[in-house]
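A.B. asks:
Residue numbers (full-length UniProt numbering): 1 to 693.
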């Protein structure tokens, strides 16, 4: 049996085009530390045997080649003294091993083929990316309804809109770094579990502070998923397929936006959906929408339990056997799907890089349990921090800085304009609404009962005596220099309604939301306020809310052509030309916004801008994955994506402050940022021909 296995090993010597004639050395897998005659004899302890000691063809034998045993015996003494070797020597040896592994791994992935396994993983990770797209839109859609339940001020609404990006920024850096140390699958599960748990919880909490906290932690979880998803999927793709299929994966972000827009459009307007428990607890339709938006994350979390860890990551940390078994699973799954189940996975040995941090495991296995955990946690975070610093070493510093500028300028302009478009549409709607205001001067009304809605009106110098305002609603109503004498207000709900310079005599307010701040410079004489409404009880259906859902839906749908074009051309024209060309075309689109003086024009220019810019986003994702080695890939992606979210926060704040003031500053800022970032991107190295290090 041993001679047959040796014959198979002799017949198969894994060769790479760049490493012809390379023979296995110390980095290859060894069957154990037993003497040579024991290793040749004890084939029954390997994974190729079942209970009857039967060897299946193509199954992993675990029997080393005799030449490898001799080589191992020669190097056994120096290996013992590794702890006394200079760390620079160990790192140099590790880098040489990693370069050899990169080319061998590329050939192994090509042998495994691209088929059912990759497509299954594609949809599982696509759901996670879809959850990220949903998270960006959720808060913007629920704000108009949430302010009714929580009485949110303008500053509170602004904070709620930014808090999600803040959580994403922290999560991308923290969980992206951990993914390079703990594993892609494990950290992605942690990330999605955090997002699903706190998104689900946020739909039930009533207070503004707790809701804000839940959305912050939810954003932290989903922010960490983005760098992990791209690092994870790229390590199952060959060089020829990587650019195209990572671009197809980006389409799920668009699907997330479409899903959120469609759900908001179909659920939120039904304000009566839900239930109430007394006067304190309300579960309205917008909370149902928040629940529904957590479904993609939950689905991805469940499906991910059935997917394996990245074999490339396992090889980096020296887990040869686990990586081999996963690669064989990928090969066999794809071959069965192609109708070739007899095809044998011919790989016997895979290079594993030199492990330089083994002493940490020895250290962490001693002492009490809390000491071990403390050592593991501090060691892990030190390693993450070392990875962050590694991205700024001489070898990667220039690429990291240029990528950081491109990510930041892209995020500043894109997210800034994405918020600016809906705000401008609302502003145009408000201008049209105010132009239709009705003005009543010096009206005198007495002994009359108002039990209907008053909307978009101004009443000046009016006199109201012995009138009753019962079960009615005020929307955008203003009373100026008016007199109310012996009037009675009961069960009144108001929105943007104020009394200015009015005199109110012997008037009773019962169960209303006409609070003190709504009376500006008024004289209240012998007037009584009884049983004021608690919380917000507005149920006005805003027409512009429907338009905002439509705008977001069309904006998400408009990136479909850009996604298709970028996927088909990514490996043909290259990543650099894709980024530069897309950003420069997007900058040109910004100048057309000067002609957007109507709602339809703004919607059209938004769709054009989104469609032009999506190719740059896709190419940025691809090149960021390819520029960094496996043990730094998710860390680097997390840092750059965190910087992207910081740019989104700045863009949202800056662009929103100019709504209704001027269009010049936002347009010039966005276009100049895109031009600068696009030109700088052309100086980045092209990566479409290189293997994944």
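Glycine included, each C-beta is placed from N, C-alpha and C at the ideal position.
Could you round the C-beta distance between residue 417 and residue 670 to whole angstroms and report it? I think they count as a contact, below 8 Å.
C.D. replies: Numbered from its first residue, the chain shown carries residue 417 at position 417. Numbered from its first residue, the chain shown carries residue 670 at position 670. Confirmed, Cβ separation roughly 6 Å.
A.B. asks: Could you tell me if residue 144 is buried or exposed, where buried requires 16 or more neighbouring beta carbons within 10 angstroms of its beta carbon?
C.D. replies: Taking the chain shown and counting its residues from 1, the one referred to as residue 144 is at position 144. With 16 or more Cβ atoms within 10 Å of its Cβ, residue 144 is classed as buried.
A.B. asks: Taking 8 Å as the cut-off, does the stretch 192-203 touch the stretch 230-242 (at least 3 CB pairs, one atom from each stretch)?
C.D. replies: In short, these stretches do not touch, since the Cβ pair count stays below three.
A.B. asks: Any idea what DSSP makes of residue 338, helix, strand or coil?
C.D. replies: Walking along the chain shown from the start, residue 338 turns up at place 338. Coil, per DSSP.
A.B. asks: Should the stretch 559-571 be called in touch with the stretch 237-248, which here means at least 3 C-beta pairs below 8 Å?
C.D. replies: Touching, yes, given that three or more Cβ pairs across the two stretches are closer than 8 Å.
A.B. asks: Measuring CA to CA, which of 246, 631, 657, 593 is closest to residue 387?
C.D. replies: Walking along the chain shown from the start, residue 387 turns up at place 387. The residue with the shortest Cα to Cα distance from residue 387 is 631.
A.B. asks: Name the residue from 111, 500, 513 whose alpha carbon lies nearest to the alpha carbon of residue 458.
C.D. replies: Working through the chain shown from its first residue, we reach residue 458 at position 458. Checking every option, the nearest Cα to that of residue 458 belongs to 500.
A.B. asks: Can you tell which of 130, 160, 638, 580 has the C-alpha that lies nearest to the C-alpha of residue 250?
C.D. replies: Counting from 1 along the chain shown, the entry for residue 250 is found at position 250. Checking every option, the nearest Cα to that of residue 250 belongs to 130.
A.B. asks: Evaluate residue 641 with the Cβ neighbour count: other Cβ atoms within 10 Å of its Cβ, from every protein chain shown; 16 or more gives buried, anything less gives exposed.
C.D. replies: Counting from one through the chain shown, the residue named residue 641 turns up at place 641. Looking at its Cβ environment, which holds 16 or more other Cβ atoms inside 10 Å, residue 641 is buried.
A.B. asks: When DSSP builds the beta bridges, which residues end up paired with residue 710?
C.D. replies: Outside the modelled stretch of the chain, which goes from 1 to 693, sits residue 710, for which no answer is possible.
A.B. asks: For my contact list, residue 637 and residue 231 are in at a C-beta cut-off of 8 Å; report their separation, rounded to the angstrom.
C.D. replies: What you label residue 637 is simply residue 637 of the chain shown in a count that begins at 1. What you label residue 231 is simply residue 231 of the chain shown in a count that begins at 1. That pair is a contact at about 6 Å.
A.B. asks: Could you name the residues of the same chain whose beta carbon sits closer than 7 Å to that of residue 686, not counting the 5 residues immediately before and after it, in chain order?
C.D. replies: Working through the chain shown from its first residue, we reach residue 686 at position 686. Closer than 7 Å at Cβ, skipping near neighbours: 574, 575, 576.
A.B. asks: At the level of alpha carbons, what is the spacing between residue 110 and residue 160?
C.D. replies: What you label residue 110 is simply residue 110 of the chain shown in a count that begins at 1. What you label residue 160 is simply residue 160 of the chain shown in a count that begins at 1. The alpha-carbon atoms of residue 110 and residue 160 are separated by roughly 47 Å.
A.B. asks: Is residue 402 closer than 8 Å to residue 683 when the C-beta atoms are compared?
C.D. replies: Within the chain shown, the letter at position 683 stands for residue 683. Within the chain shown, the letter at position 402 stands for residue 402. A contact, by the Cβ cut-off of 8 Å.
A.B. asks: Could you give the DSSP three-state label for residue 583: helix, strand or coil?
C.D. replies: Here residue 583 is taken as the residue at index 583 of the chain shown, counted from 1. Here residue 583 sits in helix by DSSP.
A.B. asks: Locate the beta strand (DSSP E) running through residue 658, then write down its first and last residues.
C.D. replies: Here residue 658 refers to the residue found at position 658 when the chain shown is read from its first residue. Residue 658 -> no beta strand (DSSP E), and no H or E assigned at all.
A.B. asks: Report the residue ranges of all alpha helix (DSSP H) runs contained in full by the stretch 598-639; include only those spanning at least 4 residues, in chain order.
C.D. replies: Runs found: 599-627.
A.B. asks: Classify residue 312 as buried or exposed, calling it buried when 16 or more other Cβ atoms lie within 10 Å of its own Cβ.
C.D. replies: Here residue 312 corresponds to residue number 312 of the chain shown, with the count starting at 1. Burial call: buried.
A.B. asks: According to DSSP, is residue 74 helix, strand or coil?
C.D. replies: The residue given as residue 74 occupies position 74 in the chain shown. Residue confidence for residue 74 is low, a pLDDT of 45 falling below 50, so the modelled location carries little weight; the figure read from the coordinates is stated next. Residue 74: helix per DSSP, three-state reduction.
A.B. asks: In the DSSP assignment, find the unbroken alpha helix (DSSP H) run with residue 396 in it and report its ends.
C.D. replies: Your numbering for residue 396 matches position 396 in the chain shown. Residue 396 -> no alpha helix (DSSP H), and no H or E assigned at all.
A.B. asks: Let me make sure I understand the geometry here. Which of 205, 308, 204, 197 has the alpha-carbon closest to that of residue 222?
C.D. replies: Position 222 of the chain shown, counted from the start, is the residue given in the question as residue 222. Of the listed residues, the one whose Cα sits closest to residue 222 is 197.
A.B. asks: In whole angstroms, give me the CA-to-CA distance for residue 475 and residue 436.
C.D. replies: The residue labelled residue 475 in the question sits at position 475 within the chain shown. The residue labelled residue 436 in the question sits at position 436 within the chain shown. Taking the straight line from one Cα to the other gives about 14 Å.
A.B. asks: Relative to the alpha-carbon of residue 353, which residue among 317, 331, 330 has its alpha-carbon at the smallest distance?
C.D. replies: Along the chain shown, one-based indexing puts residue 353 at 353. Answer by Cα proximity: 317.
A.B. asks: Going by beta-carbon coordinates alone, are residue 678 and residue 583 separated by less than 8 Å?
C.D. replies: In the chain shown, counting from the first residue as 1, residue 678 sits at position 678. In the chain shown, counting from the first residue as 1, residue 583 sits at position 583. Closer than 8 Å, so yes.
A.B. asks: From the DSSP output, in three-state form, read off residue 498 for me.
C.D. replies: The sequence position of residue 498 within the chain shown is 498, counting from 1. In this structure, residue 498 counts as strand in the three-state DSSP scheme.
A.B. asks: If I'm right that residue 200 touches residue 291 with Cβ under 8 Å, what's the distance once you round it to whole angstroms?
C.D. replies: On the chain shown, position 200 is the one that residue 200 refers to. On the chain shown, position 291 is the one that residue 291 refers to. About 7 Å separates the two Cβ atoms, so the contact holds.
A.B. asks: Look at the alpha carbon of residue 331 and the alpha carbon of residue 340, and state the distance between them as a whole number of angstroms.
C.D. replies: Here residue 331 corresponds to residue number 331 of the chain shown, with the count starting at 1. Here residue 340 corresponds to residue number 340 of the chain shown, with the count starting at 1. Cα-Cα distance, rounded: 11 Å.
A.B. asks: So the beta strand (DSSP E) residue 529 belongs to, where does it begin and stop?
C.D. replies: Residue mapping note: residue 529 aligns to position 529 of the chain shown, counting from 1. That run of the beta strand (DSSP E) goes 528-530.
A.B. asks: Determine the direct distance from the alpha carbon of residue 648 to that of residue 406, and round the result to whole angstroms.
C.D. replies: Within the chain shown, residue 406 is the residue found at index 406, counting from 1. Within the chain shown, residue 648 is the residue found at index 648, counting from 1. Looking at the two C-alpha atoms, the distance is approximately 13 Å.
A.B. asks: Nearest CA to the CA of residue 443: which residue from 135, 646, 415, 482?
C.D. replies: If you number the chain shown from 1, residue 443 lands on position 443. Comparing Cα-Cα distances from residue 443 to each of 135, 646, 415, 482, the minimum goes to 482.
A.B. asks: Per DSSP, which one or two residues make a beta bridge with residue 445?
C.D. replies: Taking the first residue of the chain shown as position 1, residue 445 is located at position 445. According to DSSP, residue 445 bridges with 464.
A.B. asks: State the Cα-Cα distance for the pair residue 557 and residue 118, rounded to the nearest angstrom.
C.D. replies: The residue you call residue 557 lines up with position 557 of the chain shown. The residue you call residue 118 lines up with position 118 of the chain shown. Going by the C-alpha atoms only, they are around 26 Å apart.
A.B. asks: If distances are taken between C-alpha atoms only, which option among 124, 113, 454, 524 comes closest to residue 338?
C.D. replies: Translated into positions along the chain shown, residue 338 becomes position 338. The residue with the shortest Cα to Cα distance from residue 338 is 113.
A.B. asks: Taking its Cβ as the centre, do 16 or more other Cβ atoms sit within 10 Å of residue 155, making it buried, or is it exposed?
C.D. replies: Position 155 of the chain shown, counted from the first residue, corresponds to residue 155. So residue 155 counts as exposed.
A.B. asks: With DSSP run on the structure shown, which of helix, strand or coil describes residue 473?
C.D. replies: Here residue 473 refers to the residue found at position 473 of the chain shown. Residue state, collapsed to three classes: strand.
A.B. asks: Could you check which residue in 634, 531, 663, 521 has the C-alpha nearest to that of residue 508?
C.D. replies: The count along the chain shown starts at 1 and reaches residue 508 at position 508. That would be 531, whose Cα lies nearest to the Cα of residue 508.
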